[in-house]
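Everything below concerns the one structure shown next.
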Amino acid sequence: MRRFAVSLAAAAIAAAFSHLAAAAEPGYFRVTGVAAGDVLNVRMEPDGKSEAMDTLAPGAAPVEVLEVIVKGAAEWGRVIGPDADGWIAMRFLEPVDVPTIGDTLIPDGLTCYGTEPFWDLSISSEKGIGISTPEQTSASYRLQTAIAAIARNDRFSVIGTDGLARITIMLARDNECSDGMSDRNYPWRVDVLRELSESSDYPHAYEGCCRLPVAGK
Numbered sequence: 033m034r035r036f037a038v039s040l041a042a043a044a045i046a047a048a049f050s051h052l053a054a055a056a057e058p059g060y061f062r063v064t065g066v067a068a069g070d071v072l073n074v075r076m077e078p079d080g081k082s083e084a085m086d087t088l089a090p091g092a093a094p095v096e097v098l099e100v101i102v103k104g105a106a107e108w109g110r111v112i113g114p115d116a117d118g119w120i121a122m123r124f125l126e127p128v129d130v131p132t133i134g135d136t137l138i139p140d141g142l143t144c145y146g147t148e149p150f151w152d153l154s155i156s157s158e159k160g161i162g163i164s165t166p167e168q169t170s171a172s173y174r175l176q177t178a179i180a181a182i183a184r185n186d187r188f189s190v191i192g193t194d195g196l197a198r199i200t201i202m203l204a205r206d207n208e209c210s211d212g213m214s215d216r217n218y219p220w221r222v223d224v225l226r227e228l229s230e231s232s233d234y235p236h237a238y239e240g241c242c243r244l245p246v247a248g249k
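Final position of the sequence shown in my numbering is 249; the numbers increase by one with none missing.
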């Protein structure tokens, strides 16, 4: 009987740890369980008494959770805050699926940024590729190809064209990316090459970090 009780206890402990392991998966979420007119605090530390650095409205999505930890009886998700990573109580988040580009795992609407020089880029199935750089206020390209590296699920290539102009985007999500000017960490890093055959100013290369913006923030 004692051996049976010990087995049950061991099974219960294993189940508990299995649940925590399943919950500790980064991903995309929607704010839930927050009353209309109220907000969900993004805190500086994984603690309900920690200072709030940002807020999210009810239904805001997709909230990109980079890491989940267990502190006491609560689960906390690390997210990208205004100037540094912040923490959200996971009990106020529910998983959501996000559309992707073609047959890849690249989120549709992924937005990339670079510093010194400052530039930004977006990738959309509907709108194509848009980029703004110091050399050219803005430019857009038709999204021609989006593929994963052979036998890899963390490296991707995106190619866009506009007449003679061409842009090649290399994306990776195996390590977090720092923008070099804040304490924020991004889930994607990017290298960009812009080419234009009739211009002596090209090619131009850029590197930076990417994220999926939160709608309804």
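We put the beta carbon where it would ideally sit given N, CA and C, even for glycine.
Proximity of residue i and residue j at Cβ, strictly below 8 Å
i      : j      : result
Cys242 : Thr132 : no
Val63  : Ala93  : yes
Gly141 : Pro245 : yes
Ala204 : Arg221 : yes
Ala116 : Ser214 : yes
Leu153 : Val74  : no
From the options, residue whose alpha carbon lies closest to that of residue i
i      : options                        : result
Leu72  : Ala178, Pro90, Pro235          : Pro90
Glu167 : Pro78, Glu96, Pro235           : Pro235
Glu107 : Glu96, Ala116, Gly69, Ile120   : Ile120
Glu99  : Met202, Arg198, Pro58, Leu137  : Pro58
Gly195 : Ser156, Gly80, Ile182, Ala171  : Ala171
Val66  : Gly104, Ile112, Arg123         : Arg123
Gly240 : Gly104, Gly109, Phe150, Leu175 : Phe150
Val111 : Asp186, Glu96, Gly104          : Glu96
Glu148 : Ala116, Thr165, Arg174         : Thr165
Ala178 : Thr87, Ala197, Ile155          : Ile155
Arg15  : Gln176, Leu153, Val102         : Examination of residue 15 is not possible in this model, given that the chain is present from 33 through 249 alone.
Asp70  : Leu153, Met76, Gly134, Leu88   : Leu88
Ile138 : Pro78, Asp206, Tyr173, Gly104  : Asp206
Tyr145 : Gly212, Asn185, Glu126, Lys103 : Gly212
Presumed contact (8 Å Cβ cut-off) between residue i and residue j, rounded CB distance
i      : j      : result
Tyr218 : Glu227 : About 25 Å; that fails the 8 Å criterion.
Val128 : Phe61  : 6 Å
Ala181 : Thr136 : Actually they do not touch by this definition, with Cβ atoms about 10 Å apart.
Gly113 : Arg216 : 7 Å
Beta strand (DSSP E) segment containing residue i, residue limits
i      : result
Thr147 : Neither: Thr147 is in no beta strand (DSSP E) and is coded neither H nor E.
Pro127 : 125-127
Asn73  : 72-75
Lys103 : 99-103
Glu107 : 106-112
Arg226 : 220-228
Asp186 : Where Asp186 is concerned, there is no enclosing beta strand (DSSP E), given that its DSSP letter is neither H nor E.
When you compare the segment 161-168 with the segment 181-201, are there three or more beta-carbon pairs, one atom per stretch, that lie closer than 8 Å?
The segment 161-168 vs the segment 181-201: in contact.
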